[in-house]
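Under this note's numbering, the first residue of the sequence shown carries the number 5, and numbering increases by one thereafter.
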Amino acid sequence: MTPQMFNPSGYQAITPVVLTRYMHFFFHTSRDIMDLFSQHAQQDSAPLAFRMRPQHLDDYVGQQALVGPGKPLRHMADSGTLRSMILWGPPGVGKTTLAEILAEASSAQLEHMSAVMAGVKEIRAAVERARASQGQDRPTVLFLDEIHRLNKSQQDALLPHVESGLLTLIGATTENPSFEVNSALLSRARVYVLKKLDEDELIEVMRRALDDGARGLGSRDIQVNDEVLGMLARASSGDARRALGLLETACDFTQPEGEGERLDKTVLHEVIGHRASAFDKQGDHYYDLLSAIHKSVRSSRPDAALLYMAQFMQGGGDPLDVIRRLAAIASEDVGNAEPRALPLVMAAWDAYLRLGDYEGQRAIAHATIHLAVAPKSNAIDQAWKGAQRFVAEHPDLEVPIYLRNAPTKLMASLGHGEGYRYAHHEPHGYPAGSAHDCWPEATAHATFFKPSEYGQEKRFKQMLDYRAELDAQADKDKS
Numbered sequence: 005m006t007p008q009m010f011n012p013s014g015y016q017a018i019t020p021v022v023l024t025r026y027m028h029f030f031f032h033t034s035r036d037i038m039d040l041f042s043q044h045a046q047q048d049s050a051p052l053a054f055r056m057r058p059q060h061l062d063d064y065v066g067q068q069a070l071v072g073p074g075k076p077l078r079h080m081a082d083s084g085t086l087r088s089m090i091l092w093g094p095p096g097v098g099k100t101t102l103a104e105i106l107a108e109a110s111s112a113q114l115e116h117m118s119a120v121m122a123g124v125k126e127i128r129a130a131v132e133r134a135r136a137s138q139g140q141d142r143p144t145v146l147f148l149d150e151i152h153r154l155n156k157s158q159q160d161a162l163l164p165h166v167e168s169g170l171l172t173l174i175g176a177t178t179e180n181p182s183f184e185v186n187s188a189l190l191s192r193a194r195v196y197v198l199k200k201l202d203e204d205e206l207i208e209v210m211r212r213a214l215d216d217g218a219r220g221l222g223s224r225d226i227q228v229n230d231e232v233l234g235m236l237a238r239a240s241s242g243d244a245r246r247a248l249g250l251l252e253t254a255c256d257f258t259q260p261e262g263e264g265e266r267l268d269k270t271v272l273h274e275v276i277g278h279r280a281s282a283f284d285k286q287g288d289h290y291y292d293l294l295s296a297i298h299k300s301v302r303s304s305r306p307d308a309a310l311l312y313m314a315q316f317m318q319g320g321g322d323p324l325d326v327i328r329r330l331a332a333i334a335s336e337d338v339g340n341a342e343p344r345a346l347p348l349v350m351a352a353w354d355a356y357l358r359l360g361d362y363e364g365q366r367a368i369a370h371a372t373i374h375l376a377v378a379p380k381s382n383a384i385d386q387a388w389k390g391a392q393r394f395v396a397e398h399p400d401l402e403v404p405i406y407l408r409n410a411p412t413k414l415m416a417s418l419g420h421g422e423g424y425r426y427a428h429h430e431p432h433g434y435p436a437g438s439a440h441d442c443w444p445e446a447t448a449h450a451t452f453f454k455p456s457e458y459g460q461e462k463r464f465k466q467m468l469d470y471r472a473e474l475d476a477q478a479d480k481d482k483s
């Protein structure tokens with residue numbers, strides 16, 4: 005029999021087994037207490053943007069078209085029933101926070117993954133955990149950050165479980181999901197577009213951080229006026245995370261103000277600095293800016309074209325991409341209304357390659373202004389597309405015999421080149437008459453090039469009209 009240890013309480017004999025249980029209890033209790041202190045320490049040292057993450061939709065700022073009263077995501081949160089979705093928007097607009105709030109509102113188990121780190125193995129492990137939760141009548145929400153980075157095999161591994169309802173997918177992406185997510189997965193998830201926060205919304209986010217004594221900066225009693233917050237908001241470009249980061253940094257430079265502190269706008273230039281609007285060169289914003297340059301030039305708005313071009317280049321865009329787009333504009337949108345447009349763009353291209361970035365960008369601006377101010381015509385573009393369509397519909401057209409080459413006696417004996425009229429030997433330098441219209445004999449003549457009334461193209465139209473009169477006269481004389 006195990007001897008009993010001394011027990012002054014008289015309630016229970018302290019055997020070695022009981023002692024082990026006590027030690028086990030105290031060890032785990034102390035560890036839990038230490039973990040609690042550790043969590044508090046981590047919370048205190050976490051960035052302000054992390055600490056101020058909203059816990060409920062009522063605290064969520066922005067995206068009122070989605071989370072306002074009666075709106076789709078508000079309805080999901082209130083009903084506790086989620087559907088698979090993809091949240092598409094720029095950084096710092098609250099995609100991750102919104103996913104966490106929705107998962108919490110539905111009492112679901114939340115699986116949080118980054119597509120950059122997760123592979124098929126991790127997805128399968130999440131599926132097994134979801135099955136275990138399903139056995140306990142608890143749904144699973146899989147939040148997949150940067151879903152656009154999932155490869156095909158990862159998306160294929162995910163698809164059947166989203167389709168069966170085992171997983172409710174909430175994907176977050178900064179890229180257009182229609183390009184990056186396969187159609188099968190996309191068809192099972194509703195896409196919601198989140199927009200950048202406006203200046204007033206960013207100011208509200210920062211005000212909350214300044215007033216919140218538990219999670220934010222409220223305990224410091226920092227006095228900041230709306231002008232200062234407006235400057236920080238404008239420097240944040242609609243990104244709440246950046247706004248809070250700038251605010252937190254700016255508050256390192258506060259001045260004493262009574263029993264509190266004051267944030268002066270004089271220090272903001274040091275905090276904000278010069279921020280280039282960098283972007284992913286494979287992302288939507290890159291091509292949005294190229295599109296804006298093109299459409300501004302086409303609309304004859306030189307100032308807007310230069311604005312977007314400066315934004316593009318200061319964001320790290322390749323100037324050669326702009327030049328290539330200008331070369332396309334010269335033919336597509338300006339054409340023969342200003343025949344000098346294309347040579348000017350090619351000269352700017354050559355100047356950029358010879359002069360380097362700084363001087364070369366000015367040459368690109370030169371060409372951009374010229375194209376924007378020049379008269380516009382898309383007659384070349386329409387003519388070329390018309391010719392392509394015609395050939396697609398008539399693939400077996402033959403070259404008229406009088407236009408064929410005759411480099412050998414045999415070809416000449418077959419009649420190649422016979423009847424060809426050399427234009428420079430003809431009156432007006434033009435072989436008039438429909439018999440020499442250079443058109444395939446098996447089909448009626450189609451008109452592709454229809455010059456406009458603008459710029460130099462008006463002269464082209466006059467010339468073509470004059471030659472049509474010569475044709476009509478030649479045919480009349482022949483008859």
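Glycine included, each C-beta is placed from N, C-alpha and C at the ideal position.
Since we're looking at a predicted model, the values are computed, not measured.
Do residue j and residue i have their beta-carbon atoms positioned less than 7 Å apart in this structure?
| i | j | result |
| --- | --- | --- |
| residue 391 | residue 452 | yes |
| residue 478 | residue 433 | no |
| residue 210 | residue 190 | no |
| residue 181 | residue 90 | yes |
| residue 326 | residue 313 | yes |
| residue 96 | residue 243 | yes |
| residue 254 | residue 206 | no |
| residue 167 | residue 135 | no |
| residue 176 | residue 149 | yes |
| residue 341 | residue 196 | no |
| residue 293 | residue 315 | yes |
| residue 346 | residue 355 | no |
| residue 73 | residue 64 | no |
| residue 76 | residue 178 | no |
| residue 131 | residue 158 | no |
When you compare only the Cα positions, how much space is there between residue i and residue j?
| i | j | result |
| --- | --- | --- |
| residue 470 | residue 455 | 14 Å |
| residue 105 | residue 275 | 32 Å |
| residue 267 | residue 239 | 16 Å |
| residue 121 | residue 114 | 17 Å |
| residue 439 | residue 318 | 58 Å |
| residue 145 | residue 128 | 14 Å |
| residue 467 | residue 154 | 58 Å |
| residue 52 | residue 143 | 32 Å |
| residue 241 | residue 200 | 8 Å |
| residue 45 | residue 61 | Caution applies to residue 45, whose pLDDT of 43 falls short of 50 and renders its modelled position unreliable; the value that the coordinates give is listed next. So the two alpha carbons sit approximately 26 Å from each other. |
| residue 102 | residue 227 | 30 Å |
| residue 70 | residue 204 | 18 Å |
| residue 111 | residue 386 | 58 Å |
| residue 395 | residue 336 | 20 Å |
| residue 431 | residue 419 | 25 Å |
| residue 271 | residue 257 | 7 Å |
| residue 54 | residue 68 | 22 Å |
| residue 185 | residue 289 | 18 Å |
| residue 117 | residue 126 | 9 Å |
| residue 351 | residue 303 | 23 Å |
| residue 428 | residue 410 | 20 Å |
Under a three-way DSSP split, which group does residue i fall into?
| i | result |
| --- | --- |
| residue 466 | helix |
| residue 196 | strand |
| residue 372 | helix |
| residue 479 | helix |
| residue 221 | coil |
| residue 474 | helix |
| residue 350 | helix |
| residue 115 | strand |
| residue 438 | helix |
| residue 340 | helix |
| residue 12 | With a pLDDT of 44 at residue 12, under the threshold of 50, the modelled position of that residue is not reliable, and no figure is offered here. |
| residue 390 | helix |
| residue 299 | helix |
| residue 445 | coil |
Is the Cβ of residue i closer than 7 Å to any Cβ of chain C?
| i | result |
| --- | --- |
| residue 270 | Looking for chain C here will not work: only one protein chain is present. |
Let me make sure I understand the geometry here. Which of the options has the alpha-carbon closest to that of residue i?
| i | options | result |
| --- | --- | --- |
| residue 462 | 353, 221, 480 and 338 | 338 |
| residue 375 | 309, 385, 366 and 148 | 309 |
| residue 372 | 382, 328 and 409 | 328 |
| residue 2 | 81, 324 and 119 | As shown, the chain starts at 5 and ends at 483. That puts residue 2 outside it, with no answer to give. |
| residue 87 | 408, 213 and 147 | 147 |
| residue 460 | 383, 398 and 414 | 383 |
| residue 50 | 248, 85, 63 and 174 | 248 |
| residue 399 | 444, 100, 66 and 78 | 444 |
| residue 273 | 235, 99 and 220 | 235 |
Q | Whole beta strand (DSSP E) elements within the segment 224-296, 3-residue minimum | A | 259-261 and 264-266
Q) Residue ranges of each alpha helix (DSSP H) run of no fewer than 4 residues wholly in the segment 62-101, ordered along the chain? A) 68-71 and 76-83
Q.
So within the segment 402-433, which uninterrupted alpha helix (DSSP H) runs reach at least 4 residues, ignoring any that extend past its ends?
A. If only complete runs of 4 or more residues are kept, the segment 402-433 shows the alpha helix (DSSP H) at 413-417, in order along the chain.
Q: Entirely within the segment 120-189 and at least 4 residues each: give me those alpha helix (DSSP H) ranges in chain order.
A: Every alpha helix (DSSP H) of 4 residues or more that sits fully in the segment 120-189 is shown, in chain order, as 124-139, 156-168 and 181-184.
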